[in-house]
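Protein chains in written order, with the working numbering: chain A, 1 to 522; chain B, 523 to 692.
Ideal Cβ positions, reconstructed from N, Cα and C, are used throughout, including at glycine.
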Amino acid sequence: MSLENNATESLPGKPELTVDGDWNRVHPASPFVRGWVALAAVGFFFGRDAFERMLQGRDFVDPNLSGRAPWLLAGGAVVLLLTVGGFILSWYFTRYQVAEGYVRVNTGFLFKQQRQARLDRVQAIDIVQPLLARIFGLAELKFEVADAGESAVRLAYLPLDQAKQLRATILARAAGVVSGPETAAEVPEAPEHVVLSVPPSRLIGSLLLSEQTVGIFLGAAVVVTTSVLFDNNAIFLALIPGILGIAASYWSSFNKGYNFTAAISPDGIRLRYGLLDTQAQTLPPGRIQALMVAQPPLWRIFGWYRIHVNVAGYGLAASTDGARTMLLPVGLKPEVFRMMSLVLPDPGVEDPERVFTAGLDGLGPVQPNTATSDGFTTTPRRARLLAPLGWRRNGFLATKTALLIRSGRWWHTLVMVPHQRTQSMALHQGPWARRFRVADLVLHTTAGPVSPRVFQADVEQAVELFDQQAARAREARKRQTSEQWLAQVAPQAPELAATLTEQPAQPAPPQTSPQQEDRHDG
Amino acid sequence: MHTEAIDPPGVQWLRVSPKYVTVRLVEWAIGNVVMLVILSLPLVFVLLGWWRWPPLWLAITVPAVVLVLALWRLVLIPRQVRAIGYAERDDDLLIRRGIFFQRTMVVPYGRMQYVDVAVGPVERSLGLCTLKLHTASAGTNAQLPGLPAVEGARLREQLSARGEARLAGL
């Protein structure tokens, strides 16, 4: 039985059930932009021969082919017509509508699909522009709800302005600012305030100092040694595909991370990045389920960090290419703090900077009796055999609003889970851990690159945390709403605060009924 | 029921039906007997003189080790079943399991997306069922096997009623 699983529904049959908004079509060129590969293949297949002949200064049509040429040409024309006809049909039968708190998309002409998603369940909205679409000024809009699968709604392609307009409309309606069946044109795009951008030089540096590079150097050392030992140069030839692959992976990281800009707007956090394919993500307030700051060993030279997040709609498939779940590809400590404060405006401690610094780089005391200066509760000294390197690093700290978990002596990581985003929790204890009286606490969040786990905490402290955390999560869920998020972010972007208060019908007081809370948090 | 160190203090665990041991035994038999038969084939062939390889000692050792491990797991089954426990608290459900690798899990009622009740053929003949809780996190994986069917139905209704009362979004 479903408690609240109605975020997306595929309705069978019955097309026009409650239609009041206009049904719109995507841009007519979109099937061609999407299917250009198919067209190019057809063109290549039938055009290559003629083209080559022209280059060689012969007739456009091979004279020897006179018997077969009409058939070939006719075949090519039929294939082309079928493809183009299919494109036109698929365009004609794809329609969308934003009305009554839903976005609806109808697709398909033989197998019809009708899909609707509730606007207030939006987890993230992305505007993606692949290179070809960018040349034509088109963009794809992706609408994510929390089911961790594919995007709930994808509209490809719209003119860029229209896509932005639609995003503004959806977000405004999701926030309850605008209601009723007005057309999209009336909602202005929310103003934004750029928080940080990553210079290309730092991006290149971060790629060169990444774990990947270390691996490559180790691999290269092995290859050189073996080739010297066996006096055999053929091994280098075998490496060429590998080198190409590595170059491609560097290129894709660079392509995705290029020109990374983070901005804050009343709609949420805006991320924009990409060299050839550009992407603009909008994460509405409070949609980030967990956050991880990580620092590979070599990045410590320059004090760089990166941030990954779990967002319900992005799911696991997105974490494989890594770009969508990246909140910051590379940044200095102040920038990390700024992003963390956007995600969690109220850190719930007196001195957030000191606490976060301790979480990023801190080490617990060697002797158990010395007072822990940085506030983190670390692995007890008796369990140092279980974690000979990390026992002073592994630690947790519960603030009023979030649980901070740090780990890793060489790979520094700091995980932050807001209390109201904790789904469920589990204590794990294996035989060795029991022998040393420690236990692991695992927090379950939505699918994504961050998996929060407190390593080897003292068993009594772990049980206490387990109990308290359940209570804290319960309290936080009752208290926290997205409005508070906006109010707390406002001081950082004063001009936004002004626009916010001017907007009519701002959803009401922080203490909402369960239903309303559900609407904002769902 | 005995309380372990990682269990929250003052929790009264409810145990699953002892009949669940039978279900586990059937699962054990299906898994291990088939495997043992396959692994013993080389031994038979070697003894019959059809095969020259592997050597006799190897043909004996491999199934013997597997047999010992399987018997070890067999001996553990009743204790493992006894180690499964659950407790309904005001705002969340606690589930524990495991002897060597223990796990205690808390699932807040407001976080449950849906509740499954599954019944397999062996479970059905014994009047048991398995309750699964799903939250927005794939990691939750909260299962309560071996509940009597009546208790499973009661828990399902109870959990969904409580879930609706404390409904929270993500």
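Is residue i close to chain B? Criterion is C-beta to C-beta, closer than 8 Å.
{"i": "residue 41 (chain A)", "result": "no"}
{"i": "residue 483 (chain A)", "result": "Per-residue confidence for residue 483 (chain A) stands at a pLDDT of 40, beneath the threshold of 50, marking its modelled position as unreliable; the derived number appears in the next sentence. Closer than 8 Å: no."}
{"i": "residue 208 (chain A)", "result": "no"}
{"i": "residue 3 (chain A)", "result": "Its pLDDT being 37, under 50, residue 3 (chain A) is placed unreliably by the model, and nothing is read from it."}
{"i": "residue 467 (chain A)", "result": "yes"}
{"i": "residue 457 (chain A)", "result": "no"}
{"i": "residue 18 (chain A)", "result": "Legend: pLDDT at residue 18 (chain A) = 42, less than 50; position of this residue unreliable, value from coordinates given subsequently. Residue 18 (chain A) does not count as touching chain B."}
{"i": "residue 185 (chain A)", "result": "The predicted model places residue 185 (chain A) with a pLDDT of 48, which falls under 50 and marks its position as unreliable, so this point remains unresolved."}
{"i": "residue 454 (chain A)", "result": "no"}
On the DSSP letters alone, give me the boundaries of the alpha helix (DSSP H) that residue i sits inside.
{"i": "residue 255 (chain A)", "result": "240–257"}
{"i": "residue 557 (chain B)", "result": "542–570"}
{"i": "residue 205 (chain A)", "result": "200–208"}
{"i": "residue 398 (chain A)", "result": "Per DSSP, residue 398 (chain A) belongs to no alpha helix (DSSP H); it is in the beta strand (DSSP E), 395–398."}
{"i": "residue 227 (chain A)", "result": "211–230"}
{"i": "residue 468 (chain A)", "result": "459–479"}
{"i": "residue 291 (chain A)", "result": "It is not in any alpha helix (DSSP H) - residue 291 (chain A) instead sits in the beta strand (DSSP E) that spans 288–295."}
{"i": "residue 426 (chain A)", "result": "It is not in any alpha helix (DSSP H) - residue 426 (chain A) instead sits in the beta strand (DSSP E) that spans 424–429."}
{"i": "residue 358 (chain A)", "result": "352–361"}
{"i": "residue 135 (chain A)", "result": "131–135"}
{"i": "residue 339 (chain A)", "result": "333–343"}
So with Cβ pairs under 8 Å, would you call residue i a contact of chain A?
{"i": "residue 630 (chain B)", "result": "yes"}
{"i": "residue 624 (chain B)", "result": "yes"}
{"i": "residue 557 (chain B)", "result": "no"}
{"i": "residue 684 (chain B)", "result": "no"}
{"i": "residue 680 (chain B)", "result": "no"}
{"i": "residue 627 (chain B)", "result": "yes"}
Using a Cβ cut-off of 7 Å, pull out every chain A residue sitting near residue i, in sequence order please.
{"i": "residue 633 (chain B)", "result": "423, 424"}
{"i": "residue 652 (chain B)", "result": "In chain order: nothing, as chain A lies at least about 16 Å away."}
Using CA coordinates, which residue listed in the options is at the minimum distance from residue i?
{"i": "residue 661 (chain B)", "options": "A:141, A:96, A:444, A:144", "result": "A:444"}
{"i": "residue 205 (chain A)", "options": "A:342, A:34, A:332", "result": "A:332"}
{"i": "residue 385 (chain A)", "options": "A:396, A:433, A:414, A:359", "result": "A:433"}
{"i": "residue 527 (chain B)", "options": "A:429, A:365, A:157", "result": "A:429"}
{"i": "residue 417 (chain A)", "options": "A:113, A:290, A:294, A:362", "result": "A:290"}
{"i": "residue 140 (chain A)", "options": "A:216, A:81, A:34", "result": "A:34"}
{"i": "residue 401 (chain A)", "options": "A:391, A:392, A:420", "result": "A:420"}
{"i": "residue 327 (chain A)", "options": "A:426, A:197, A:217", "result": "A:197"}
{"i": "residue 614 (chain B)", "options": "B:537, B:644, B:657, B:587", "result": "B:657"}
{"i": "residue 448 (chain A)", "options": "A:357, A:313, A:358", "result": "A:313"}
{"i": "residue 523 (chain A)", "options": "A:329, A:144, A:81, A:359", "result": "Chain A is shown only over 1 to 522; residue 523 (chain A) falls outside these bounds and no answer can be derived."}
{"i": "residue 640 (chain B)", "options": "B:652, B:630, B:634, B:632", "result": "B:652"}
{"i": "residue 650 (chain B)", "options": "B:546, B:671, B:632, B:630", "result": "B:671"}
Between which two residues does the beta strand (DSSP E) containing residue i stretch?
{"i": "residue 583 (chain B)", "result": "Not the beta strand (DSSP E): residue 583 (chain B) falls in the alpha helix (DSSP H), residues 578–605."}
{"i": "residue 144 (chain A)", "result": "138–144"}
{"i": "residue 261 (chain A)", "result": "261–265"}
{"i": "residue 413 (chain A)", "result": "412–418"}
{"i": "residue 281 (chain A)", "result": "278–283"}
{"i": "residue 159 (chain A)", "result": "153–159"}
{"i": "residue 374 (chain A)", "result": "No beta strand (DSSP E) holds residue 374 (chain A); DSSP gives it neither H nor E."}
{"i": "residue 439 (chain A)", "result": "438–444"}
{"i": "residue 674 (chain B)", "result": "Not the beta strand (DSSP E): residue 674 (chain B) falls in the alpha helix (DSSP H), residues 671–687."}
{"i": "residue 404 (chain A)", "result": "402–407"}
{"i": "residue 115 (chain A)", "result": "113–118"}
{"i": "residue 121 (chain A)", "result": "First-last for residue 121 (chain A): undefined, no H or E at that position."}
In chain B, what lies closer than 7 Å to residue i by C-beta?
{"i": "residue 445 (chain A)", "result": "659"}
{"i": "residue 431 (chain A)", "result": "622"}
{"i": "residue 439 (chain A)", "result": "528"}
Quick one: which chain B residues come within Cβ less than 9 Å of residue i?
{"i": "residue 462 (chain A)", "result": "528"}
Exercise. Going along the chain, which residues of the segment 658–676 of chain B sit with their C-beta nearer than 8 Å to a C-beta in chain A?
Worked result: Flagged, chain order: 658, 659, 660, 661, 662, 664.
For this session: Using a Cβ-Cβ cut-off of less than 7 Å, list which residues of the segment 525–555 of chain B approach chain A; keep chain order.
Result: Taking 7 Å as the cut-off between beta carbons, the residues of the segment 525–555 of chain B near chain A are 527, 528, 530, in sequence order.
For this session: Taking a Cβ distance cut-off of 7 Å, strictly less, list which residues of the segment 470–481 of chain A are near chain B, in chain order.
Result: Answer in chain order: 470, 473, 474, 477.
Exercise. Listed from N- to C-terminal order along the chain, which residues in the segment 583–616 of chain B have their beta-carbon within a distance smaller than 7 Å of any beta-carbon of chain A?
Worked result: Within the segment 583–616 of chain B, the qualifying residues are 613, 614.
For this session: Name, going along the chain, the residues of the segment 393–427 of chain A whose beta-carbon falls closer than 9 Å to a beta-carbon of chain B.
Result: Per Cβ criterion, the list reads 420, 421, 422, 423, 424, 425, 426, 427.
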